[in-house]
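Using our numbering, read the sequence shown as starting at 4 and increasing by one per residue.
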Amino acid sequence: MKKPASVTRVAWPAALGLALVACSTTPVAPPPVPLKAAVGASLNQCDALASQFRFDQTVIDSAVNVAAGGLMLAGQPVAAHCLVKGQMHKRKGSDGRDYAIGFEMRLPMAWNGRFYYQGNGGLDGAVRPAEGVLGGGPLTGALVQGFAVISSDAGHSGAQTTVFGLEPQARLDYGYQAVAKLTPMAKALIASAYGKGPDRSYIGGCSNGGRHAMVAASRLGEQYDGYLIGAPGYRLPNAALAQLWGAQRWLPQATPGATVKHPLNPNASIPDLGSALTAAERQTVARAILNRCDALDGLKDGLVQATQACQGAFDVVRDVPTCSGARDGNCLTAPQKATLADVQAGGKAGNARPIYSAFPYDAGIAGSNWATWKFVNAVALDPLSVGTVFTAPPAAPVNFASANIDSLLSAISATSDTYRESGVSLMGPPGHDKPDNLLALRARGAKMVLYHGVSDAIFSAEDTRQWVERVNRSQGGKANDFARYFPVPGMNHCSGGPATDQFDLLGPLVKWVEQGVAPQAVTASARGAGNAGGVNAELPADWSANRTRPLCAYPSVAHYNGSGPVENASSFTCR
């Protein structure tokens with residue numbers, strides 16, 4: 004079965020960098036100089052912020068000192084800081100419900116002069132601890148590094164609850180307006196607490212948090228100096244719809260009548276779509292991918308570093324064993340292969356309209372998180388968000404099995420008198436198909452670092468790669484001056500899978516913004532036994548518990564040097 008042309012591309016020579024995709028005559032200024040480094044300060048006040056801080060439509064509910072060790076991260080005490088909780092824009096919604104943008108800020112006693120906006124994942128709806136955690140099984144975070152950090156619920160209460168999608172303003176806050184409202188307030192609060200505002204501001208997150216950061220780059224380019232964009236669901240409505248499309252195709256191959264528990268309702272069940280492509284069968288696919296692609300980087304080590312070359316080398320029909328009898332986990336039937344190829348291609352609606360991006364083939368397809376997104380969340384979660392948050396006008400949650408994909412594909416781009424921005428518009432960065440609105444951001448000296456698990460099953464790493472290429476074309480082939488993309492081989496959605504998924508890209512981003520040192524390779528670690536950030540149970544048995552690998556700035560690829568310890572990143576070179 005033929006793969007989509009969008010992913011069958013070989014890796015480019017790293018020496019030529021992103022300039023290889025330059026085909027635009029857009030005039031681009033010389034590389035910007037680094038922005039001035041942040042200067043730290045000590046906290047002047049905490050408790051008094053609750054009564055003295057004033058900002059439009061903002062209420063501070065509490066401001067308390069947290070002693071060193073009052074918050075722990077990876078078993079280590081977080082330094083003393085001030086915890087501020089509050090709300091912005093309290094209102095009665097058009098649906099009669101109470102709404103507000105809830106937030107918390109953590110202000111270090113010893114501050115590094117920087118502000119970090121923590122974008123949260125999923126449908127938001129909960130104020131998560133403002134730690135600014137980084138990478139899978141995080142060992143560090145923005146707060147630990149001395150940043151003042153804010154976290155919010157993006158304007159509605161109830162994680163994984165989609166009723167807010169019926170209220171037009173709550174939709175807009177979730178999409179992008181909450182970030183726009185919170186940003187100036189947070190900077191003013193920092194100025195009140197330290198006697199000066201932040202010298203440098205950063206925003207980051209993974210999944211929906213990565214989407215928040217990418218959207219901010221387009222809508223709030225003057226407000227932030229650094230953008231840390233992880234697995235950005237910047238086309239979330241399309242990705243969710245592709246999930247429904249794929250679930251419809253897996254359903255006929257699932258065991259009739261088999262069910263599993265609903266992840267949000269323990270008293271309910273959903274069809275067991277995982278029986279359509281079992282864990283053993285996904286391992287068989289992963290082995291086939293490794294057989295074709297593992298050695299392309301110079302070493303068979305259970306990781307496909309040469310992602311783009313692999314898309315041309317691997318063919319699911321040819322390379323995965325075909326069952327001649329009953330399914331036994333060591334083969335796939337012809338219908339299974341056809342369905343997998345179609346799902347990996349991103350889905351097509353009527354008249355061959357593409358629904359979403361293609362997904363790269365990678366060994367992380369064996370990961371449990373891959374199956375959770377494809378076979379559980381596609382049935383239990385995505386029908387809720389598609390039906391009530393991303394379509395205009397909203398409807399009841401759709402039934403994945405009977406959903407009309409053509410109608411929904413039109414509905415996510417539709418507007419009405421009440422819902423004046425479509426789901427696609429409110430969730431994505433303006434001009435994502437031709438992102439020349441980032442020219443000013445680059446000229447100012449701001450920087451972007453993106454990362455994405457190659458085996459992400461909900462938001463495609465290929466979609467992120469294509470966005471990076473479009474940015475490069477819009478910048479006359481000079482995007483490398485301000486944007487770097489780091490694919491993470493084997494990693495599922497934000498973490499997990501057979502991968503070295505523990506890393507810190509915030510430190511390199513700061514160094515790039517404030518010192519002009521562009522990141523080319525960042526060391527990532529596996530999370531084996533004893534890892535302080537949490538053990539990754541899906542690491543292959545023959546990997547070292549402490550394996551390290553370089554994450555390479557695209558389009559360079561980590562190649563084994565031909566000698567040196569195979570479990571050590573120092574034995575690899577990005578080229």
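Note that CB positions come from ideal geometry on N, CA and C, so glycine has one too.
All of these numbers come straight from a predicted model, not from anything done at the bench.
What's the gap between the Cα of residue i and the Cα of residue j?
{"i": "proline 568", "j": "phenylalanine 506", "result": "20 Å"}
{"i": "alanine 261", "j": "alanine 250", "result": "15 Å"}
{"i": "threonine 186", "j": "tyrosine 120", "result": "8 Å"}
{"i": "leucine 223", "j": "leucine 542", "result": "39 Å"}
{"i": "serine 210", "j": "glycine 198", "result": "34 Å"}
{"i": "glycine 233", "j": "glycine 328", "result": "43 Å"}
{"i": "phenylalanine 575", "j": "alanine 561", "result": "6 Å"}
{"i": "leucine 276", "j": "glycine 499", "result": "21 Å"}
{"i": "tyrosine 230", "j": "phenylalanine 58", "result": "25 Å"}
{"i": "alanine 381", "j": "proline 37", "result": "44 Å"}
{"i": "threonine 11", "j": "alanine 312", "result": "With a pLDDT of only 37 at threonine 11, under the threshold of 50, the placement of this residue in the model should not be trusted; the figure read from the coordinates follows. Between threonine 11 and alanine 312, the C-alpha separation is close to 7 Å."}
{"i": "threonine 143", "j": "proline 111", "result": "15 Å"}
{"i": "leucine 412", "j": "glycine 207", "result": "29 Å"}
{"i": "glutamine 180", "j": "threonine 164", "result": "19 Å"}
{"i": "aspartate 436", "j": "serine 221", "result": "12 Å"}
{"i": "methionine 217", "j": "aspartate 504", "result": "21 Å"}
{"i": "valine 147", "j": "alanine 70", "result": "14 Å"}
{"i": "leucine 508", "j": "leucine 137", "result": "8 Å"}
{"i": "valine 24", "j": "aspartate 484", "result": "Annotation note: pLDDT 37 at valine 24 (below 50); position unreliable, no value reported."}
{"i": "serine 559", "j": "proline 34", "result": "21 Å"}
{"i": "alanine 53", "j": "methionine 451", "result": "34 Å"}
{"i": "cysteine 577", "j": "valine 525", "result": "10 Å"}
{"i": "leucine 2", "j": "leucine 74", "result": "Because residue 2 is not part of the residues shown, which for the chain are 4 to 578, the question remains open."}
{"i": "isoleucine 63", "j": "serine 195", "result": "13 Å"}
{"i": "tyrosine 205", "j": "valine 346", "result": "35 Å"}
{"i": "glycine 128", "j": "glutamate 170", "result": "14 Å"}
{"i": "serine 528", "j": "leucine 554", "result": "10 Å"}
{"i": "leucine 126", "j": "alanine 173", "result": "12 Å"}
{"i": "valine 288", "j": "threonine 336", "result": "12 Å"}
{"i": "asparagine 402", "j": "serine 416", "result": "20 Å"}
{"i": "asparagine 241", "j": "glycine 448", "result": "32 Å"}
For residue i, list the residues DSSP reports as bridge partners.
{"i": "valine 401", "result": "Paired residue(s): none; valine 401 is not in a bridge."}
{"i": "methionine 217", "result": "Methionine 217 pairs with nothing; no bridge assigned."}
{"i": "histidine 435", "result": "Paired residue(s): none; histidine 435 is not in a bridge."}
{"i": "glutamate 107", "result": "Lys88, Ser154"}
{"i": "cysteine 577", "result": "Ala561"}
{"i": "glycine 2", "result": "Lying outside 4 to 578, the shown extent of the chain, residue 2 is not represented and no answer is given."}
{"i": "proline 553", "result": "Thr526"}
{"i": "threonine 325", "result": "Leu335"}
{"i": "isoleucine 273", "result": "Val263"}
{"i": "leucine 453", "result": "Ile232, Tyr488"}
{"i": "alanine 82", "result": "Answer by DSSP bridge pairing: none, since alanine 82 is not bridged."}
{"i": "lysine 95", "result": "Asp101"}
{"i": "tryptophan 592", "result": "Since the first and last residues shown for the chain are 4 and 578, residue 592 lies out of range."}
{"i": "lysine 351", "result": "Pro357"}
{"i": "glutamine 505", "result": "Ser528"}
{"i": "tyrosine 119", "result": "Val152, Tyr205"}
{"i": "methionine 75", "result": "Pro80"}
{"i": "asparagine 68", "result": "Cys85"}
{"i": "glycine 144", "result": "Val136"}
Would you say residue i lies against chain B (beta-carbon separation less than 8 Å)?
{"i": "glycine 567", "result": "Annotation note: the requested chain B is absent from the structure, which comprises a single protein chain."}
Measuring CA to CA, which of the options is closest to residue i?
{"i": "glycine 122", "options": "Gly315, Asp156, Asn539, Gly149", "result": "Asp156"}
{"i": "arginine 285", "options": "Pro501, His159, Ala196, Asp409", "result": "Pro501"}
{"i": "serine 160", "options": "Asn483, Gly140, Arg94", "result": "Arg94"}
{"i": "alanine 548", "options": "Tyr557, Gly536, Ala40", "result": "Gly536"}
{"i": "valine 274", "options": "Thr287, Val288, Pro255", "result": "Sequence check: residue 274 is proline here, not valine. Ranking Thr287, Val288, Pro255 by Cα distance to proline 274 puts Pro255 first."}
{"i": "tyrosine 102", "options": "Ala82, Ser65, Gly168", "result": "Gly168"}
{"i": "tryptophan 72", "options": "Thr61, Ser65, His84", "result": "First, the amino acid is wrong: residue 72 is glycine here, not tryptophan. Minimum Cα distance to glycine 72 is reached at His84."}
{"i": "glycine 305", "options": "Arg550, Lys39, Gly565", "result": "Arg550"}
{"i": "proline 433", "options": "Ala449, Trp470, Tyr422, Asp409", "result": "Trp470"}
{"i": "leucine 343", "options": "Leu192, Tyr364, Tyr557, Ala352", "result": "Tyr364"}
{"i": "isoleucine 580", "options": "Asn47, Asn407, Arg530", "result": "Residue 580 lies beyond the stretch modelled for the chain, which goes from 4 to 578, so this question has no answer here."}
{"i": "leucine 280", "options": "Ala191, Thr258, His265, Asp50", "result": "Thr258"}
Would you grab the beta carbon distance between residue i and residue j for me? Rounded to a whole angstrom, and I think it's under 8 Å.
{"i": "valine 474", "j": "proline 438", "result": "5 Å"}
{"i": "alanine 366", "j": "alanine 348", "result": "So it is not a contact: roughly 19 Å between Cβ atoms."}
{"i": "glycine 116", "j": "valine 42", "result": "5 Å"}
{"i": "arginine 290", "j": "alanine 316", "result": "With 8 Å as the limit, arginine 290 and alanine 316 do not qualify as a contact, their Cβ atoms being about 15 Å apart."}
{"i": "isoleucine 358", "j": "alanine 245", "result": "5 Å"}
{"i": "leucine 247", "j": "alanine 406", "result": "5 Å"}
### Task
Pair every Cβ in the region 384 to 402 with every Cβ in the region 298 to 309, then say whether three or more of these pairs are closer than 8 Å.
As far as the Cβ criterion goes, the region 384 to 402 does not touch the region 298 to 309, which means the pair count is below three.
### Task
Decide if the region 440 to 448 is in contact with the region 457 to 469; the criterion is three or more beta carbon pairs, one per stretch, under 8 Å apart.
In short, these stretches do not touch, since the Cβ pair count stays below three.
### the region 460 to 470 in contact with the region 374 to 381 per 3-pair CB rule at 8 Å
With the rule of 3 Cβ pairs closer than 8 Å, the region 460 to 470 counts as touching the region 374 to 381.
### Message
Does the contact criterion of 3 or more C-beta pairs under 8 Å hold for the region 126 to 135 versus the region 102 to 109?
### Response
At 8 Å Cβ cutoff, the stretches touch.
### Message
Is it the case that the region 264 to 280 contacts the region 420 to 428, given that we only count it when at least three CB pairs across the two stretches are under 8 Å?
### Response
In the pairwise beta carbon analysis, the region 420 to 428 is classified as not touching the region 264 to 280: fewer than three pairs are separated by under 8 Å.
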